[in-house]
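Novice: Would you mind keeping the following structure in view while I ask a few things?
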Amino acid sequence: MAGTSWIAENDGSQWVFGEDQSFFWYQTKGETDDNYYGGTYEFHIGQDAVNYLTEDLSSYGVSEEEITGVFGSAEGYTLDNFVCFSTTNTTFMLNGTEQLSDEVVTSYFGFLLSNGSVLDIANMNTGTYYGFVKEE
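Heads up: the sequence shown begins at 3 in my numbering, then just goes up one per residue.
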């Protein structure tokens, strides 16, 4: 994920992952001075993602058996491209005003599809689905 940029299929927002484990999710691609989330991220893929989900994020109650049951349930869903990651939001700018007073951690899981060009994930707190296409 480091050094990549992704465009949301539903609203055109842009999620940028830095080489230094920082991220920014901009409401509008290219508008980086307002209306964004920012912070740090921790990214896992494959068996490492399964371990992260079932051990570090055990409070969500997802077992290894449950997650491996998803593999093969749709075309391209395999252990090799299973991802699980967390963001620690340290800033949320909305209409020129900081919205966060404390850090907020959000975790996601899903799949990196189409040779790494599509990110198909769900927010583990809200259940919201997101589809992203990698910017080249």
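For every residue, glycine included, the Cβ atom is placed at its ideal position computed from N, Cα and C.
#1: By the three-class DSSP mapping on this structure, what secondary structure does ASP50 have?
#2: Using the Cβ count rule (16 or more neighbours within 10 Å means buried), how would you classify SER65?
#3: Going by beta carbon distance, what residues of the same chain come within less than 8 Å of ASN12, once the five residues before and after it are set aside?
#4: Mind checking whether THR108 and ASN91 have CB atoms under 8 Å apart?
#5: Can you tell me which of LEU81, THR89, MET95 and MET3 puts its alpha carbon nearest to the alpha carbon of THR34?
#6: CA-CA distance, ALA76 and LEU115?
#7: Report the residue from THR93, MET126 and ASP122 whose alpha carbon sits nearest the alpha carbon of GLY112.
#8: Using three-state DSSP, classify THR128 as helix, strand or coil.
#9: I'd like the list of long-range same chain contacts for CYS86, defined as Cβ closer than 6 Å, with 5 residues on each side in sequence excluded.
#10: Buried or exposed for SER15, please, with buried defined as at least 16 other CB atoms from any protein chain shown within 10 angstroms of its CB.
#11: Since LEU121 sits in a beta bridge, which residues does DSSP pair it with?
#12: Give the straight-line distance between the Cα atoms of GLY118 and VAL72, rounded to the nearest whole angstrom.
Specialist: By the coordinates alone:
#1: Reading the sequence shown from its first residue, position 48 is the one you call residue 50. Note: ASP50 maps to helix in three-state DSSP.
#2: Counted from its first residue, the sequence shown places residue 65 at position 63. Burial state of SER65 is exposed, judged by a 10 Å Cβ sphere holding fewer than 16 other Cβ atoms.
#3: Stepping through the sequence shown from its first residue, residue 12 is reached at position 10. Taken in chain order, the residues that qualify are TYR132 and GLY133.
#4: Residue 108 sits at position 106 when you count from the first residue of the sequence shown. Residue 91 sits at position 89 when you count from the first residue of the sequence shown. Their beta carbons are under 8 Å apart, which means THR108 touches ASN91 by this criterion.
#5: Within the sequence shown, numbered from 1, the residue matching residue 34 stands at position 32. It is MET95 whose Cα lies nearest to the Cα of THR34.
#6: If you number the sequence shown from 1, residue 76 lands on position 74. If you number the sequence shown from 1, residue 115 lands on position 113. Their backbone Cα atoms lie some 11 Å apart in a straight line.
#7: By one-based count along the sequence shown, residue 112 stands at place 110. The shortest C-alpha to C-alpha distance from GLY112 to any of THR93, MET126 and ASP122 is the one to ASP122.
#8: Reading the sequence shown from its first residue, position 126 is the one you call residue 128. The three-state reading of DSSP puts THR128 in coil, since its state is none of H, G, I, E or B.
#9: Here the question's residue 86 lines up with position 84 in the sequence shown. Within the same chain, CYS86 has close Cβ partners HIS46, ALA51, TYR54, LEU55 and PHE111.
#10: What you label residue 15 is simply residue 13 of the sequence shown in a count that begins at 1. Its Cβ being crowded by 16 or more others within 10 Å, SER15 is buried.
#11: Locating residue 121 in the sequence shown gives position 119, where the first residue counts as 1. LEU121 is bridged to LEU114 and PHE134.
#12: Here residue 118 refers to the residue found at position 116 of the sequence shown. Here residue 72 refers to the residue found at position 70 of the sequence shown. In a straight line, the C-alpha of GLY118 is about 19 Å away from that of VAL72.
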